[in-house]
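**Q** Remember, the numbering used here sits 1488 above the position in the sequence shown when you count from 1.
One structure, as structure tokens, below. Some questions next.
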Amino acid sequence: MEHTPPNAGPPATGFDHGEVHNKIGLLTRQLHDALRELGYADRLRGTAQELPDAQNRLSYIARLTGQAAEKVLTLVDDAKERQSSIVARTKQMRQSMIADPVAAVAKGHIMNYLEDMEKATEIVDNQLTDIMMAQDFHDLTGQVIAKVVTLAGTLENQLIELLLQTAPQPAGHQPLLDAGEVSAAAAMATGAAVAADQADDLWAAALAEAAPEATAPETPVEADKPAHPALQGPVVDPNAQDVVTSQSQVDDLLASLGF
């Protein structure tokens, strides 16, 4: 049985956690300063401040669509019940006419039936109109969705522009795009029908330019196996305790960590 010396330290893991922590902090500080010097801090902060508004807009869409769906279902249920009543009354009146048409007319059954049918058809017509009017949420939600899509496009535009301007250029390589072409390329990537494909091409080109020595994996990734774990998405609650929401909080956080 092997005996571990009492003063033996933890087994070597190949890296120093403290060094990794320091490097991450330095990279964060450099990125923060670079954003401020390039003038992107204010632009990105303005976009980030619109994210809670985008969440409210999406909640508004969900609320309108839910209300419209409930209203339509209620009206349809009531109309179907009224339609079933009309069918039953019609069958009953048909049997009365077959059995004794003179008595059915003399006793006023026919007139009562016609009056009831007139009222029922008016109610059903009003319900159909209400169902049609309940679809007006499409116009409202369409406008809201357009604004949210614009916000997403603006954010992507700024991130692409930032990537193209700050990607490190290895020795012997020409810059990916000069300063005059960056904004046009970013706008192109987010403004056309093929924007998604163009944006993907720009991202791939920038990453390839930044890391030309990267080699392809020796074994292909399995088709049914995800390459990365599922992400949790953007911050939707800026008031959470673990979220920084201003430049001063970023400065305080970095300063508290010694960077």
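A virtual CB, placed ideally from N, CA and C, is assigned to each residue, including glycine.
Bear in mind the structure is a predicted one, so any value in this text is a computation, not a measurement.
Taking 6 Å as the limit between beta carbons, can you name the residues of its chain near Ser1573, skipping five residues before and five after?
**A** none
**Q** Within this structure, are the beta carbons of Ala1542 and Leu1639 separated by less than 7 Å?
**A** yes
**Q** Any idea if Ala1702 is buried or exposed, counting beta-carbon neighbours within 10 angstroms, 16 or more meaning buried?
**A** Because Ala1702 sits at a pLDDT of 45, beneath the cut-off of 50, its placement in the model cannot be relied upon, and the point is left open.
**Q** Does the beta-carbon of Thr1553 have 16 or more other beta-carbons within 10 angstroms, so that it is buried, or is it exposed?
**A** exposed
**Q** Evaluate contact between the segment 1556-1570 and the segment 1617-1635, counting only Cβ atoms and requiring at least three cross-stretch pairs below 8 Å.
**A** Contact holds: three or more Cβ-Cβ distances are below 8 Å.
**Q** Could you give the DSSP three-state label for Asp1565: helix, strand or coil?
**A** helix
**Q** Leaving out five residues on either side along the sequence, give the residues of the same chain with a beta carbon under 6 Å from the beta carbon of Met1585.
**A** Only Ala1592 meet the Cβ criterion.
**Q** What do you get for Glu1649, buried or exposed, if any count of 16 or more other CB atoms within 10 angstroms of its CB means buried?
**A** With 16 or more other Cβ atoms within 10 Å, it is buried.
**Q** Could you check where the alpha helix (DSSP H) with Lys1607 kicks off and where it finishes?
**A** His1597 to Met1621
**Q** Short check: CB of Val1612 to CB of Arg1545, under 7 Å?
**A** no
**Q** Can you tell which of Asp1604, Val1637, Val1636 and Val1508 has the C-alpha that lies nearest to the C-alpha of Val1575?
**A** Of the listed residues, the one whose Cα sits closest to Val1575 is Asp1604.
**Q** Hey, how far is the Cα of Leu1514 from the Cα of Phe1625?
**A** 49 Å
**Q** Roughly how many angstroms lie between the CA atoms of Lys1473 and Tyr1601, to the nearest whole one?
**A** Absent from the model: residue 1473. The displayed extent of the chain is 1489 to 1747, so no value can be given.
**Q** Would Arg1570 and Ala1608 qualify as a contact pair, given that the criterion is a beta-carbon distance under 7 Å?
**A** Yes, these two residues count as a Cβ contact at 7 Å.
**Q** Assuming Thr1629 and Ile1549 make a contact with CB atoms under 8 Å, what is their CB distance in whole Å?
**A** With a Cβ gap of about 5 Å, Thr1629 and Ile1549 count as contacting.
**Q** My understanding is that Leu1741 touches Arg1517, with C-beta atoms under 8 Å, so please give their C-beta distance in whole angstroms.
**A** At roughly 10 Å, the Cβ-Cβ gap does not stay under 8 Å, so Leu1741 and Arg1517 are not in contact.
**Q** At the level of alpha carbons, what is the spacing between Lys1478 and Asn1645?
**A** Only positions 1489 to 1747 of the chain appear in this structure, which leaves residue 1478 out of reach.
**Q** If you draw a straight line from the C-alpha of His1505 to the C-alpha of Ala1557, how long is it?
**A** 54 Å
**Q** Quick one: what does DSSP say Ile1633 is sitting in, helix, strand or coil?
**A** helix
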